[in-house]
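Each remark here refers to the structure printed beneath this line.
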Amino acid sequence: MGEEKEDPQKLRRIAAAAYDYENDPNWADYWSNILIPPQMSSRPDVVDHYKRKFYQRFIDPDFIVEPMSSSSSSQSARQSTPSSGSSTTNEQPRPRSTGSSTRTSSASATSASNPTSLRWDRQTIQFSVNAWVFVVAVLAIFPFVPRNLSNRAYRLSFMGTACSSMYSLYSLYGKPRAWNLQALQVYFQTIIVTKDFIHFIYCLTFVTSHLYLKFALIPIMCRALEHVAKFLRQNFNRSSLYRKYLEEPCVWVESNATTLSILSSQAEIGVGFLLLVSLLSWQRNIIQTFMYWQLLKLMYHAPASAGYHQSAWTKIGSSVNPLIQRYAPFLNTPLSAAQRWWFR
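Shown next, in the form of structure tokens:
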């Protein structure tokens with residue numbers, strides 16, 4: 002009976018290992034949203050673990066993914082075994098021990114006995130910043146907050162997201178190899194199509210503007226919510242407080258990541274049209290509008306956001322083009338010129 006129960010999972014594991022992940026665009030999008038340190042992202046066991054999680058989520062929900070903590074703990078145990086043996090051999094000729102070494106060993110023992118303790122690594126810093134950004138953004142859009150406080154929270158939301166994006170770029174790509182034109186060109190060609198760079202330019206566009214568009218906070222809040230939910234699920238899944246109050250919202254956010262990306266892309270396009278409308282008011286900013294539409298063009302072509310933006314623009318075109326052909330055919334010439342610039 003035990004073997005009969007294990008056979009389906011064994012077949013599912015074989016199917017998951019044989020699945021062609023590289024040719025699945027959903028896997029590239031899923032892997033780009035995984036927040037792990039660079040030294041772990043290059044480990045085959047970590048990549049295989051997230052491939053199995055991807056297979057469970059998108060291909061076979063009945064596939065059971067074993068937790069990665071067991072394998073990592075066994076590896077750490079194997080690594081600590083020879084070190085502990087060498088420490089015992091080294092302690093024999095030195096029977097005396099100072100108070101500082103005793104405190105150090107007790108501190109290391111405490112940290113080793115508490116594997117769930119937070120460390121200020123890249124994930125923890127990103128979680129702290131994004132949680133702060135989400136709270137401040139909610140404060141900015143809350144209707145009963147005083148206007149001065151709301152405007153300050155509005156700017157702080159973009160500043161926090163810009164800092165988070167820059168820190169993520171530095172953690173993943175470092176700095177240019179040299180400060181000459183060729184090295185800088187290669188470096189920017191690498192980062193210009195990433196989500197973090199797009200979010201950084203997006204935030205700079207509104208931090209330096211005197212126009213307060215609360216609608217522009219939607220992509221910021223969606224990004225912060227995804228980062229916070231992933232971190233909580235990875236690090237607090239054993240906490241009773243998390244299971245009682247936060248597990249269902251975090252599961253909903255992770256299962257609706259595509260919906261949040263679609264909402265963000267639609268909000269980004271809507272902000273572009275709002276900036277065009279603002280050109281008719283006294284708060285118009287021609288430079289900001291031009292820079293933002295350049296950013297929308299980059300979002301349309303960048304692999305990290307192209308799928309969502311192209312789908313949104315296709316729906317807009319299918320709704321608007323028949324109306325232009327019927328009621329305003331004189332707009333065909335300027336729209337054709339705009340399309341040539343857009344696809345160039």
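Residues 2 to 345 in the numbering used here are what the sequence shown spells out, letter by letter. Every residue, glycine too, gets a C-beta built ideally from N, C-alpha and C. Because the structure is a prediction, the values reported are computed rather than measured.
| said: Quick check on the burial criterion: 16 or more other C-beta atoms within 10 angstroms. Buried or exposed for L281? | reply: Locating residue 281 in the sequence shown gives position 280, counting from the first residue. Result: exposed.
| query | When DSSP labels each residue in this structure, what does V278 get in the three-state scheme? | reply | Here residue 278 refers to the residue found at position 277 of the sequence shown. Correct three-state label for V278: helix.
| Beta-carbon proximity check, F55 vs R13, cutoff 7 Å | In the sequence shown, counting from the first residue as 1, residue 55 sits at position 54. In the sequence shown, counting from the first residue as 1, residue 13 sits at position 12. Cβ distance not < 7 Å, so F55 and R13 don't count as in contact.
| said: Measuring alpha carbon to alpha carbon, tell me which residue in M167, W283, Q267, Y188 is nearest F201. | reply: To locate residue 201, count along the sequence shown from 1; it is residue 200. Of the candidates M167, W283, Q267, Y188, the one whose C-alpha sits nearest the C-alpha of F201 is M167.
| message | If I measure Cβ to Cβ from I1 and keep anything under 6 Å in the same chain, skipping five residues before and after, which residues do I get? | response | One cannot answer for residue 1 here, as it falls past the ends of the chain, which runs 2 to 345.
| query | Between which two residues does the alpha helix (DSSP H) carrying P250 extend? | reply | Within the sequence shown, residue 250 is the residue found at index 249, counting from 1. From DSSP, the alpha helix (DSSP H) with P250 extends over 248-256.
| Does the stretch 226-233 come close enough to the stretch 246-256 that 3 or more CB-CB pairs lie under 8 Å? | yes
| said: For Y171, tell me which candidate among D197, L182, M160 has the shortest Cα-Cα distance. | reply: Residue mapping note: residue 171 aligns to position 170 of the sequence shown, counting from 1. If we check each option's Cα against that of Y171, D197 comes out closest.
| field | Inter-residue Cα distance where the pair is S262 and A307 | value | For this step, residue 262 is matched to residue 261 along the sequence shown. For this step, residue 307 is matched to residue 306 along the sequence shown. So the alpha carbons of these two residues sit roughly 11 Å apart.
| request: Look up Q284 in the DSSP assignment and say whether it is helix, strand or coil. | output: In the sequence shown, the residue the question calls residue 284 occupies position 283. Looking at Q284 - three-state DSSP - the assignment turns out to be coil, as it is neither helix nor strand.
| request: Could you say if the stretch 125-132 and the stretch 153-165 meet the contact criterion of at least three C-beta pairs nearer than 8 Å? | output: yes
| message | Taking the alpha-carbon of M69 as reference, which of A16, R58, M41, Y293 has the nearest alpha-carbon? | response | Looking up residue 69 in the sequence shown gives position 68. Nearest C-alpha to M69: M41.
| task | Can you give me the start and stop residues for the alpha helix (DSSP H) that Y20 sits inside? | result | Looking up residue 20 in the sequence shown gives position 19. No alpha helix (DSSP H) holds Y20; DSSP gives it neither H nor E.
| request: Using 10 angstroms around the beta-carbon of T206, count the other beta-carbons present and answer buried if the total reaches 16, otherwise exposed. | output: Against the sequence shown, residue 206 aligns to sequence position 205. Looking at its Cβ environment, which holds 16 or more other Cβ atoms inside 10 Å, T206 is buried.
| query | Taking the continuous alpha helix (DSSP H) assigned at Y157, which residues delimit it? | reply | Locating residue 157 in the sequence shown gives position 156, where the first residue counts as 1. Reading off the sequence, residue 157 comes out as Leu, not Tyr. From DSSP, the alpha helix (DSSP H) with L157 extends over 148-174.
| task | Grab the span of the alpha helix (DSSP H) containing M222 for me, first residue to last. | result | Within the sequence shown, residue 222 is the residue found at index 221, counting from 1. Per DSSP, M222 belongs to the alpha helix (DSSP H) from 218-236.
| Tell me which same chain residues have a C-beta within less than 8 Å of the C-beta of I296, skipping the five on either side of it? | Residue mapping note: residue 296 aligns to position 295 of the sequence shown, counting from 1. It is Leu, not Ile, that sits at residue 296 in the sequence shown. The residues are I199, I202, Y203, T206.
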